[in-house]
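Remarks on the structure that follows.
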Amino acid sequence: MKLLTFKGGVHPPERKELASSRKIEVLPPPSVVKIFLANHGGAPAKPLVQEGDTVKVGQKIGEASGFISANVHASLAGVVRGIEKILHPVQEKPMEAIVIEKAEGEENWEFITPHGDFNRFSPREIVELIKEAGIVGLGGAMFPTHVKLTPPEGKTIDLLIINGAECEPYLTIDHRLMLEKPKEIARGIKILMHALGVKRAIIGIESNKPDAVESMRAACQGEPIEVAVLKTKYPQGAEKQLIYAISGRVVPAGGLPLDMGVVVQNVGTCLAVYNAVEHGIPLVERGLTVTGKGVKNTANLVVRIGTLTSTILEHVGGLTDDVDRVLFGGPMMGIAIRSLDTPILKGTSGITALTADEVKGPTPRTCIRCSRCVEACPMNLQPYLLDLLAKKRLYDQAVEQGLMDCIECGSCSYICPSGVEHVKSIKLAKKVYRALRGGGKK
Ligand code: SF4
Ligand code: SF4
Numbered sequence: 006m007k008l009l010t011f012k013g014g015v016h017p018p019e020r021k022e023l024a025s026s027r028k029i030e031v032l033p034p035p036s037v038v039k040i041f042l043a044n045h046g047g048a049p050a051k052p053l054v055q056e057g058d059t060v061k062v063g064q065k066i067g068e069a070s071g072f073i074s075a076n077v078h079a080s081l082a083g084v085v086r087g088i089e090k091i092l093h094p095v096q097e098k099p100m101e102a103i104v105i106e107k108a109e110g111e112e113n114w115e116f117i118t119p120h121g122d123f124n125r126f127s128p129r130e131i132v133e134l135i136k137e138a139g140i141v142g143l144g145g146a147m148f149p150t151h152v153k154l155t156p157p158e159g160k161t162i163d164l165l166i167i168n169g170a171e172c173e174p175y176l177t178i179d180h181r182l183m184l185e186k187p188k189e190i191a192r193g194i195k196i197l198m199h200a201l202g203v204k205r206a207i208i209g210i211e212s213n214k215p216d217a218v219e220s221m222r223a224a225c226q227g228e229p230i231e232v233a234v235l236k237t238k239y240p241q242g243a244e245k246q247l248i249y250a251i252s253g254r255v256v257p258a259g260g261l262p263l264d265m266g267v268v269v270q271n272v273g274t275c276l277a278v279y280n281a282v283e284h285g286i287p288l289v290e291r292g293l294t295v296t297g298k299g300v301k302n303t304a305n306l307v308v309r310i311g312t313l314t315s316t317i318l319e320h321v322g323g324l325t326d327d328v329d330r331v332l333f334g335g336p337m338m339g340i341a342i343r344s345l346d347t348p349i350l351k352g353t354s355g356i357t358a359l360t361a362d363e364v365k366g367p368t369p370r371t372c373i374r375c376s377r378c379v380e381a382c383p384m385n386l387q388p389y390l391l392d393l394l395a396k397k398r399l400y401d402q403a404v405e406q407g408l409m410d411c412i413e414c415g416s417c418s419y420i421c422p423s424g425v426e427h428v429k430s431i432k433l434a435k436k437v438y439r440a441l442r443g444g445g446k447k
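Here the sequence shown stands for residues 6 to 447, numbered as in the working numbering.
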C-alpha cells in the first residue's frame, strides 16, 4: 500500500523504543505548581486570584484577555503563594506564574461538574465549553482550540484532520494515548465534528505505529472517522504537511488551514475536549513523555499543568551523570530549558534529556552549497540563503525569500554536513523582524 506523505523531510533516528512500551502512569499531585498566565498562544490571561487565596482543582484562576487567549485553571487544591515572575521557556523572558502550594489531605474537586452526553449541546455551546475549559493545542503550538473552532464569516470547514503522526523523535505520549484511550479520543473527535458541523474526519498516523492504527480503527468503527496511514518521515505531523499528505490540499504561503476548509487537532487535544465537554474537567493536566538517554528511567505520565520539571524527573529516578541538556519537546523542535525548576506548560508534550553523545553533530563550518538543506525543506525554502540573509541582517530580503513561512522544523540543520545552524539564525531573524515591524520600522 502506498503511504501518504509530502515532499522533502528527513529521517532522524526515531528512538521511540526508549519509551513506547511504557504504560501511562498518573503522577501524584505535586507539593507545588507554578502556572504561567501565558500558557497558550496569544495574550496572557489576567489573574483572578491573589496571595493567600484558597483554590480548588479546576477553579478558574486566570481569565482570557482577548480573542486569542485562554483561561487558566488551578491544577492543585491549595493556597496561592503569590504571582512570581519566572523565565518562560517559550517566550524566553520572565513572565507571571501563579504559585499554588498543595493543601494537606484529600484534594477538593468540587469545581468539576460532569455535563453528560455532548449531543444535548449546540455547536456554539460546545465551543463555549471548550473555551471556558482553557483548551489549547496540546501538540505543542498551544493555539487556543476555541479560536480554531470559530472560523471567520465566509469560511466553510468540511474536513477535520486529527494529528496522530507524532513524528517528533523520542516522543511517545500520543502513541500511548491512542493505545490506551482510543474510545475517549474518538468521542472527542465526534464532539469536534459536531462543533464544526463537518461530516468527515481523518486521523493521520505514521506507519511506525501499526498498533495505534489498529486501535483507532477499532474505536472509530461505524463512525464517519477514517484512519490514514502516513509515511514515517519528519515533519509529517506539521500542519501543512499533514493536510497535504491526507487531503492533497495545499495551504498557500501565509495562509491558514481554514483557507482550505480544514481544521487540524492533535489526538491529545481530542482527549482534553472529551474530558472538558462531557466530564466538565478543564485543562488541568496533560500527558507527556519523559525520555532520552539522559534520564535514569523513561515514562509516559499524566501530570498537572505547572508541575516543576525537577518533580517529574525525581519521579523517574533523576538524570544520568552524562546528561548534556534537557528539552521541552523532542530533539528536533524541542526547547532547551535553563532551569530544572521550569514548570511544564499546556503544550509540553515531553521532557527529553539528551547525553552529549546524542546531541553530537558536525563542527560548524562554512556552507559548501551542497543543496541538501533545500531538498530537505518541507516548505520549499532555501535554508542556506535564509541563514545567510539572517546573519547579514537583511531581514526584508529574508522575508521576500519566505522567512516567515519557515515552520522551524530543523530538517535543514539536521541534514547539513557543514553543521550550519539555520534554525537558530532564522528564529532570531523572525524575532527581530517582528520587533522592528511592531515598532513601525519595517
Ligand atoms: S528552513 Fe525552516 S521549514 Fe525549511 S527545513 Fe529549515 S527549519 Fe524547516
Ligand atoms: S546543507 Fe549545509 S552545506 Fe549544504 S547547502 Fe545547505 S547550508 Fe550549505
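Where is the CB? At the ideal position from N, CA and C, for every residue including glycine. Predicted model, so just to flag it, every value in this text is computed and none were measured.
Within 8 Å, strictly: CB atoms of G266 and G209: no
Under 8 Å between C-beta atoms of P348 and K39: yes
Cβ contact (3+ pairs, closer than 8 Å) linking the segment 32-51 and the segment 64-82: yes
Complete runs of the beta strand (DSSP E) confined to the segment 325-352 [at least 3 residues]: 328-333
DSSP three-state assignment for T312, whether helix, strand or coil: strand
Cβ distance (whole Å) where V62 is taken to contact V428 below 8 Å: Contact check for V62 and V428: beta-carbon distance about 38 Å, past the 8 Å limit, so the pair fails to qualify.
Cβ neighbours of V255 in the same chain (closer than 7 Å, five flanking residues each side left out): Y249
Reference K396; option with closest CA among E426, P34, G71: It is E426.
Minimum length 3: unbroken beta strand (DSSP E) runs contained in the segment 92-117: 99-107
Reduced DSSP secondary structure (H/G/I, E/B, other) of A24: coil
Any heavy atom of ligand 2 nearer than 7 Å to the CB - residues listed: Result (chain order): C372, I373, R374, C375, S376, R377, C378, V379, P388, Y389, D392, C417, I420, C421, P422, S423, V425, H427.
Proximity of A434 and A403 at Cβ, strictly below 8 Å: Yes, these two residues count as a Cβ contact at 8 Å.
Cβ distance (whole Å) where I251 is taken to contact I207 below 8 Å: The Cβ separation is near 5 Å, so the contact holds.
Spatial distance of D122 from E137 (CA atoms): 18 Å
Beta-carbon proximity of V269 to E244, cut-off 8 Å: E244 is positioned such that its CB atom lies closer than 8 Å to that of V269.
Ligand 1 heavy atom lying under 7 Å from the CB of I40: no
Whole-angstrom C-beta distance between C378 and C417, which should lie under 8 Å: The Cβ separation is near 4 Å, so the contact holds.
Near ligand 1: C411 beta-carbon under 7 Å from a heavy atom: yes
Distance CB(A146)-CB(G46) smaller than 8 Å: yes
Endpoints, alpha helix (DSSP H) assigned at I190: 187-201
Near ligand 1: P383 beta-carbon under 7 Å from a heavy atom: yes
Q55 - containing alpha helix (DSSP H), residue span: Neither: Q55 is in no alpha helix (DSSP H) and is coded neither H nor E.
Segment limits, beta strand (DSSP E) that includes T357: 355-360
Beta-ladder partner(s) of N271, from DSSP: For N271, which the question treats as bridged, DSSP gives the partners N168.
Bridge partner(s) assigned by DSSP for A304: V295
For D264 and T314, believed in contact at Cβ under 8 Å, the rounded distance: Between D264 and T314 the Cβ distance is about 38 Å, and since that is not below 8 Å, they are no contact.
Closer than 7 Å: G415 CB and nearest ligand 1 heavy atom: yes
Heavy atom of ligand 1 within 7 Å of L386 beta-carbon: yes
Residue from F41, R86, A79, V31 with nearest C-alpha to L55: What sits at residue 55 in the sequence shown is Gln, not Leu. Out of F41, R86, A79, V31, R86 has the C-alpha closest to the C-alpha of Q55.
Per-residue DSSP class, three states only, for G87: strand
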